[in-house]
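Here the structure comes first, spelled out in structure tokens, and everything after it is commentary.
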Amino acid sequence: MSEAVIENGCARVAGGEWLMGLSQPTAARGAAQVKGLKGLFVADRACVRAVTAAGDCWCAAQERPFLTRFDALPDVPLALVSGKLLVAPLAARTGARGVKLVPFSFSRSTPVTEFQMGWAVAATRSRVARVALADGETLAVRPEAVVAWIGKDPTGFCPKLSVWDVLLPRGPQNLTYTFHGPATVWFEGAETARANRRRGPQRIY
214 MSEAVIENGC ARVAGGEWLM GLSQPTAARG AAQVKGLKGL FVADRACVRA
264 VTAAGDCWCA AQERPFLTRF DALPDVPLAL VSGKLLVAPL AARTGARGVK
314 LVPFSFSRST PVTEFQMGWA VAATRSRVAR VALADGETLA VRPEAVVAWI
364 GKDPTGFCPK LSVWDVLLPR GPQNLTYTFH GPATVWFEGA ETARANRRRG
414 PQRIY
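Sequential numbering from 214 applies to the sequence shown in this note's numbering.
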């Protein structure tokens with residue numbers, strides 16, 4: 214598969230068939246045809262697009278300036294948060310699914326795109342850290358910080374989950390993703406909590 218050249222804050226790819234994030238490519242030499250993904254149940258349809266380009270394309274996200282390349286192994290799938298995908302070979306995508314944010318809730322999930330035998334470039338708001346987990350080890354990560362992983366899907370965890378957290382369209386407090394080894398997890402910096410003058414400090418999840 215063709216490679217991506219990361220330079221000057223952009224991921225540049227040659228003409229061909231690509232899977233790109235929304236509002237991509239930022240610039241294209243020649244014609245670039247953008248289409249939504251086809252299928253009845255496509256978990257990442259709202260986050261990514263199929264792009265057929267005649268010439269070079271430059272991909273970049275203004276609000277997510279840090280670019281990281283992930284290599285997908287031939288026998289172990291790479292799961293990447295769909296909303297953070299910048300560009301990847303279309304042929305490397307093997308599927309997508311929704312990973313639950315709230316335990317026992319079917320209404321809220323994070324779209325994840327799966328890759329094998331290829332690579333993917335993610336765009337994030339901060340630099341990406343990598344943690345390898347041995348068998349039996351666990352790692353708790355804030356939901357907005359998760360970027361990608363290799364291994365089993367994480368499980369949502371909340372110390373105090375009420376019925377209203379499941380039924381109402383709001384996020385429960387202290388929610389984390391828990392990854393179980395063996396696995397490799399990539400994550401970026403967490404968002405800064407916003408303060409409310411009347412209610413005091415507020416959690417963002």
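Built from N, CA and C at the ideal position, the CB exists for glycine as well.
Residue i, enclosing beta strand (DSSP E) - first and last residue
i, result
"residue 233", "229-234"
"residue 261", "261-266"
"residue 327", "322-328"
"residue 251", "Careful: residue 251 lies outside any beta strand (DSSP E) and carries neither H nor E."
"residue 353", "351-354"
"residue 391", "389-393"
Bridge-paired residues (DSSP) for residue i
i, result
"residue 400", "342, 359"
"residue 189", "As shown, the chain starts at 214 and ends at 418. That puts residue 189 outside it, with no answer to give."
"residue 331", "285"
"residue 274", "277"
"residue 300", "233, 334"
"residue 307", "None; residue 307 has no bridge partner."
"residue 225", "218, 271"
"residue 312", "323"
"residue 243", "Its beta-bridge partners do not exist; DSSP assigns none."
"residue 405", "Note: residue 405 sits in no beta bridge, so no partner."
Nearest-angstrom Cβ-Cβ length linking residue i and residue j, presumed shorter than 8 Å
i, j, result
"residue 361", "residue 293", "4 Å"
"residue 309", "residue 256", "4 Å"
"residue 283", "residue 336", "Contact flag wrong, Cβ pair sits at about 12 Å."
"residue 391", "residue 364", "Their Cβ separation, rounded to whole angstroms, is 12 Å, which puts residue 391 and residue 364 out of contact at 8 Å."
"residue 395", "residue 342", "No, residue 395 and residue 342 are not in contact; Cβ-Cβ is about 18 Å, not under 8 Å."
"residue 349", "residue 315", "Not really, about 26 Å apart at Cβ, beyond 8 Å."
Short Cβ contact (8 Å threshold) for residue i with residue j
i, j, result
"residue 270", "residue 305", "no"
"residue 311", "residue 302", "no"
"residue 451", "residue 356", "With the chain covering only 214 through 418, there is no way to say anything about residue 451."
"residue 244", "residue 334", "no"
"residue 262", "residue 248", "yes"
"residue 358", "residue 402", "yes"
"residue 340", "residue 276", "no"
"residue 273", "residue 239", "yes"
"residue 215", "residue 224", "no"
"residue 285", "residue 328", "yes"
"residue 298", "residue 326", "yes"
"residue 237", "residue 289", "no"
"residue 233", "residue 287", "no"
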